[in-house]
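What follows is a single structure, written as C-alpha cells, with notes after it.
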Amino acid sequence: MKDTIVSVKNLHKWYSGVHALKGVSVDFARNEAVGLIGDNGAGKSTLINILSGVQKQDEGDIYIESEKVAICSPRDSMRLGIETIYQYNSMVPTMSIARNLFIGREPLKYSVFGIGVMDLRKMREESVRAIADVDLHLRSPDALVGELSGGQRQGVAIARAMHFKSKVMILDEPTNHLSVKETNKVIGFVRSLKEQNVTGIFISHNMHHVFDCCDRVVAMARGQIVLDKRVADTSIDEVQSVL
Ligand SMILES: Nc1ncnc2c1ncn2[C@@H]1O[C@H](COP(=O)(O)OP(=O)(O)O)[C@@H](O)[C@H]1O
Ligand SMILES: [Mg+2]
-18 MKDTIVSVKN
-8 LHKWYSGVHA
2 LKGVSVDFAR
12 NEAVGLIGDN
22 GAGKSTLINI
32 LSGVQKQDEG
42 DIYIESEKVA
52 ICSPRDSMRL
62 GIETIYQYNS
72 MVPTMSIARN
82 LFIGREPLKY
92 SVFGIGVMDL
102 RKMREESVRA
112 IADVDLHLRS
122 PDALVGELSG
132 GQRQGVAIAR
142 AMHFKSKVMI
152 LDEPTNHLSV
162 KETNKVIGFV
172 RSLKEQNVTG
182 IFISHNMHHV
192 FDCCDRVVAM
202 ARGQIVLDKR
212 VADTSIDEVQ
222 SVL
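Numbering of the sequence shown is given in the working numbering, commencing with residue -18 and proceeding in unit increments.
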C-alpha cells in the first residue's frame, strides 16, 4: 500500500485571464522523492505555492495524511509539516545563521508582560547541531547568512527543515545559480531525505538532476499533469516528448 502523505485533488487556479492550473490531482507518498518537471509557465510554481500557503487555489482540495486541510498562509503550511525552499531563498541576509534557522519559531526564555524574550543561547546551540546534522561545515552560527554562498544558504534552509521535522520538503528550482559542486550537494540532500522520513518534491528544469535523485517524475504542461511515472519505468526522452 502506498503511504500517501499529501494529496491534491482537482486544483484549479486562475490569474485574471490565465488558467494556470486546470484540475491538477496528484499524490505524494511518505519516503519518496518526486521530481516535478515542465517548461516555464507549466504551473509548477503555482502548484507548490498553493501547498506552501503563498497562494490559494480557486477550486479543489488538499489532504494531508487523509485529512482535508485549509492552507491559508505560509505559517499554516509550516504547521502542517511542509517546508519550502525557494530558488531565491527566504532567508534574511543581515541576520545570523542561528536567527535564520529559527525565524518564526524562536524559542523563548521567559516572557515579560506577555512579550517573549528569545533564548539566544538555545538558538545557537541547536543551530550548531542542526547544521552538523546535514553535514554542512560552517564557521559559526553567528555568521551572517549574507556572507554565505548560494549552496551554503540552501544548506541552512535544509537544516531548518530537518531540524523542525518537516514531513514534506519542497525545493523550487533550488539549483539555479549554484555552482556544480553546490548543485551536487543539493542533489545529495534530496537523496538523503528518504532516510530521514521526509517526502521530497524537487522542482527542476534539469532532467538529469531529477533522474539522478528522484524515485518518481511528474511532468506538467499548460496547467496539467501530462506524465506521472516511476523514474525506473521511464526515460528522459519519454518525459521530454510529453512537455
Ligand atoms: N502571480 C501571478 N500573476 C499572474 N500570472 C501568474 C502569476 N504566477 C504565475 N502566473 C502565470 O501562471 C502560469 C503558470 O506559471 P508558474 O506556475 O509560475 O509556472 P512554472 O513554475 O511551471 O514556470 C504562467 O502562465 C504564468 O505567467
Ligand atoms: Mg516556477
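Just so it is clear, CB atoms sit at the ideal spot from N, CA and C, and this is done for glycine as well.
Item                                                                                                                                                                         : Value
G34 and D57 - do their beta-carbons sit closer together than 8 Å?                                                                                                            : yes
A200: which of H0, Y(-4) and V7 sits nearest, CA to CA?                                                                                                                      : V7
Would H(-7) and K(-17) qualify as a contact pair, given that the criterion is a beta-carbon distance under 8 Å?                                                              : no
Which runs of the alpha helix (DSSP H) fall wholly inside the stretch 50 to 102 and span at least 4 residues, in chain order?                                                : 55 to 60 and 78 to 82
Locate the beta strand (DSSP E) running through H(-7), then write down its first and last residues.                                                                          : T(-15) to Y(-4)
Can you check which of these residues, V220, T180 and T27, is closest to E46 by C-alpha distance?                                                                            : T180
For the beta strand (DSSP E) that contains H0, what are its first and last residues?                                                                                         : V(-1) to A10
Hey, quick one: how far does the alpha helix (DSSP H) through L174 stretch, first residue to last?                                                                           : V161 to L174
Taking all protein chains shown into account, do 16 or more other C-beta atoms lie within 10 angstroms of the C-beta of H158, making it buried, or fewer, making it exposed? : exposed
Let me know if V220 comes out buried or exposed under the rule of 16 or more other beta-carbons within 10 Å of its beta-carbon.                                              : buried
Who's in the neighbourhood of ligand 1, going by beta-carbon under 6 Å from any heavy atom, listed in chain order?                                                           : Y(-4), V(-1), A1, G19, N21, G22, A23, G24, K25, S26 and T27
CB-CB under 8 Å to R197, same chain, minus the five flanking residues each way: which ones, in chain order?                                                                  : E13, A14, V15, G16, D209, K210, R211 and V212
Is A202 helix, strand or coil by DSSP?                                                                                                                                       : strand
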